[in-house]
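Protein chains in written order, with our numbering: chain C, 86 to 233; chain P, -12 to 578.
Note that the Cβ used here is the ideal one computed from N, Cα and C, for glycine as well.
Predicted model only: the values in this text are computed from it and were never measured.
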Amino acid sequence: MITLSAQTVKAEVKPKRLVVVNPDLCVGCMSCMFACARRFPNGGLAKAAIHVRSVGGFERGFTVIVCRACPNPPCAKVCPTGALTPRKGGGVTLNPSKCIGCGMCREACPFGAIQWDTELNKPVICVHCGYCVNYCPHGVLSLEEVRW
Amino acid sequence: MIMLTDKSCTRVLYVDLSRKTYWVKERPDLFEKYLGGTGVAVKLLREEMKPSADPLGPGNVVVFAVGAFTAAYPTASKTVAMFKSPLTGNLGESHAGGRSAVAIKMAGFGAIVIKGESDIPVYLSIHDGKVFFRDASALWGVRSTYTVGRVLRERESWPGLRAIMRIGRAGERLIKYAGVVTETYRHFGRLGLGAVWGSKKLKALVVGGRRAIPVADPRKYREVYDKIYDKVVKSDSMKKYHDLGTPVNIIPLNKIGALPTRNLTSARFEGAENISGEAIAETMLARRVACSHCPVACIHIAAIREEYPHEKYFYTTKYVSYDYEPLYSLGTMLGISDKEGVLRLIEEVEVEGLDAMSTGVALAWATEAFQRGIITEKETIVKPSWGDWRTYIQMVKYIVEQPNEFYRKLGEGTEEAAKTYGGVEFAMTFGKNEMPGYHAGPATHLGYVIGARHSHLDNAGYSYDQKLIGKEYPPPEKVIDDLMKEEAWRQILSSLVVCFFARKVYTPELVAEGLEALGIKIDVEGLKKLGWEIYAEKYRLKLDMGFDLEKDLKLPKRIFETPSPHGKISEEFMQKALDHFRKRIKELIGK
């Protein structure tokens, strides 16, 4: 049984995280990226927290880059303003009003999983909501209970 | 009234290669009226290019345009390129997917206009609102388009969010059916855009970025998005592209006798099963890839396992993308029934940066001309014969390397070569453009010849014929009316710009709904009217560029000789249809 913090609204809900089950199945359609951006709720890609790119051209397949919900996230450790704070279940939450857009978090993540909103000059942080999972037609992504 | 919520998609980037400079203009006047894509491109070409311009001179202009649905809805994955075609000397329009459309829109533009010509080879890098002119001297002459892609991938920014368009040696050497390759496996293939780039010393264009597209009604936007997405991934309307991809057509077309074989001396190919979508998928299909924002992933890539030439137990794997049209033009049209052979031939065409369809048809003409003794080894150097893919690979190289006068002519197109050497009656061209892979009946060929870009996708005459099998064939006037109606609607789809493979998903009602969520109010009737208007604009431009309704609506004799699924096509029927078309198009453009 997990000890629940004061902020937890629903006591029985266990935290979940977005998992890249198998990037080899990715066809590079970018539907997940568009889904993520649509939450804000815009077209385009400015606020997509998930990123897909080829590994050296279309002929070599794709890689899917997204926050893996580290239990002890380096991005939060280097944030000079306290804008990024560890999230229950791993990963971080962003307080945009504290963020000065210095980009240290982006440098600190070894996966390169922090995307950048060039319009606002602030990081785009995955909140592990799983909205993108609904738009992956090939089972690359899934939302799973955290079992660290 | 059309009002775009997203203002920055009305930005047009103008690049002048002669002066190595660029500027940006907001053109809501164009985008709010014509939605984007074809509608806007035809207007921009009209504004920027003299209709009499030399297609391979500095006066030619290349327009790339994306549309209102790009980066907003799924399968809106295509970019429209418009230019003057060196192959036909007339309006050139070519569409490609890959990353191109989303990348242009995410870079903050609705269209890119490329003018002038550079004195040295350059490539353009377009990102963060700027254009960087980069020296491409070292890339000029590089043997393979794959290599150019690899080099630029390492050097340029925005991985995953960019398109890398480039030409091969074919474009550099002004082969009139050279294409522009994007993301290795997609092409602005038809009508010689690659040669136009070559004449401008433009080797490549890298474009990318990311931004938001504000919508007018977020709730409605998501609702319409889901409706479209569900239709795309779950309904049967796109199933054929989901599974085997476009090569699913080979076996059914062969069964009905509509599969052009050996320069259309036959419409049935005994080797069809061997190079079918099924046969390739079974043992060679290695990967599926998608254009940006298209969950269908119709790009099929085959793997060829290849032993090192001089060492045992060393292997490499080649990846070749295949589709119906290249399997037809470089397969059935050349009588090749070895699937690995046809894939290797397709690969050579990719490496050189040629249009697969024109190349295959040109080689088919050359083979028949050789067999009839019109040309000899003095011209062809090698001995072309049906099915011999190794020789065809050599001939593809010769088309680009141009070792003699014959290959120089062949590089100008099938019709030009036939005019010089003879055999015009079996040069399979429509308006000087080499034919697509369908011999399904009268509407098919009428579709090619009246279509504004002589493509099977202008109006889908080929699909019209297939649906009529076993039914009474309509009179010629009705066929023309139906084809024109379809072509008018397709102007809307190619202005939005959605992939024609999703045409059944995007009904007029759904298009209107989708536009409304983006802040564009136009009803179904208004859309249909706009389609006719764009169609008329395109034909007006075509005629100003010298297209002659009396002389240029010509049909190759061969189509009357080889029976179609509707039997032998009657010349009288076709002439009646074309007369009706002439009358209708004159009414449409108001002349």
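Is the closest heavy atom of the ligand MG to the C-beta of residue i under 7 Å?
i               : result
G409 of chain P : With respect to the ligand MG, the structure offers nothing, as it holds no ligand at all.
Looking at the C-beta of residue i, does it have a partner C-beta in chain C at a distance below 8 Å?
i               : result
I200 of chain P : yes
C281 of chain P : yes
T171 of chain P : yes
Y212 of chain P : yes
Y526 of chain P : no
I288 of chain P : yes
V220 of chain P : yes
S208 of chain P : Position check: residue 208 of chain P holds Tyr in this sequence, whereas Ser was assumed. Yes, because at least one Cβ of chain C sits closer than 8 Å to the Cβ of Y208 of chain P.
R377 of chain P : no
V276 of chain P : yes
A55 of chain P  : no
L189 of chain P : no
R331 of chain P : no
G147 of chain P : yes
With a cut-off of 8 Å on the beta carbons, I'd call residue i and residue j a contact; round off their distance for me.
i               : j               : result
E340 of chain P : R156 of chain P : Note on residue identity: the sequence assigns Gly, not Glu, to residue 340 of chain P. Contact holds; Cβ gap of about 7 Å.
A134 of chain C : R102 of chain C : Not confirmed; about 13 Å, so no contact.
A58 of chain P  : G113 of chain C : Wrong, their Cβ atoms sit about 15 Å apart, outside the cutoff.
E80 of chain P  : R440 of chain P : 4 Å
M344 of chain P : E421 of chain P : 6 Å
I99 of chain P  : F51 of chain P  : 5 Å
V27 of chain P  : V11 of chain P  : The pair is not a contact, with the Cβ atoms about 15 Å apart (cut-off 8 Å).
V105 of chain C : G224 of chain C : At roughly 11 Å, the Cβ-Cβ gap does not stay under 8 Å, so V105 of chain C and G224 of chain C are not in contact.
D581 of chain P : A405 of chain P : Nothing about residue 581 of chain P can be read from this structure; chain P reaches only from -12 to 578.
G196 of chain P : G85 of chain P  : Not quite, the Cβ-Cβ distance comes to about 16 Å (not below 8 Å), so this is no contact.
Does any CB atom of chain P fall closer than 8 Å to the CB of residue i?
i               : result
V212 of chain C : no
G175 of chain C : no
Y220 of chain C : yes
E192 of chain C : no
E204 of chain C : yes
K207 of chain C : no
L130 of chain C : yes
G141 of chain C : yes
R138 of chain C : yes
Just curious, the beta strand (DSSP E) that residue i is in, first and last residue?
i               : result
D3 of chain P   : R(-2) to D3
S308 of chain P : Y302 to Y309
K515 of chain P : Unbroken run through K515 of chain P is the alpha helix (DSSP H), V511 to D531; no beta strand (DSSP E).
M69 of chain P  : T66 to K71
R149 of chain P : R149 to R153
Which residue from the options puts its Cα closest to that of residue i?
i                : options                           : result
R153 of chain P  : P:Y133, P:K163 and P:P146         : P:Y133
D106 of chain P  : P:D3, P:H114, P:G128 and P:L22    : P:D3
P38 of chain P   : P:G533, P:P550 and P:S551         : P:G533
L111 of chain P  : P:T66, P:V194, P:K472 and P:D566  : P:V194
E265 of chain P  : P:E293, P:C278, P:A284 and P:P234 : P:P234
F488 of chain P  : P:Y228, P:E19 and P:W184          : P:Y228
S(-5) of chain P : P:C486, P:V49, P:R198 and P:L192  : P:R198
L536 of chain P  : P:Y449, P:K563, P:G158 and P:K570 : P:K570
T354 of chain P  : P:L180, P:L251, P:I286 and P:F96  : P:L251
G172 of chain P  : P:V338, P:Y300, P:V29 and P:T431  : The sequence given here places Tyr at residue 172 of chain P; Gly does not occur at that position. Of the listed residues, the one whose Cα sits closest to Y172 of chain P is P:V338.
Tell me the DSSP secondary structure of residue i in three-state form.
i               : result
Y295 of chain P : coil
T132 of chain P : helix
N420 of chain P : strand
D202 of chain C : strand
T171 of chain P : coil
I162 of chain P : coil
G188 of chain C : coil
G181 of chain P : helix
K30 of chain P  : helix
Y582 of chain P : A question about residue 582 of chain P goes unanswered here, because the residues of chain P that appear run from -12 up to 578.
L226 of chain C : strand
M471 of chain P : helix
S442 of chain P : coil
H432 of chain P : helix
P165 of chain C : coil
E143 of chain P : coil
V235 of chain P : helix
A404 of chain P : helix
H567 of chain P : helix
Which residue comes first and which comes last in the alpha helix (DSSP H) that contains residue i?
i               : result
S87 of chain P  : S87 to M93
V498 of chain P : P495 to A504
Y9 of chain P   : Per DSSP, Y9 of chain P belongs to no alpha helix (DSSP H); it is in the beta strand (DSSP E), T8 to E13.
A268 of chain P : G264 to T270
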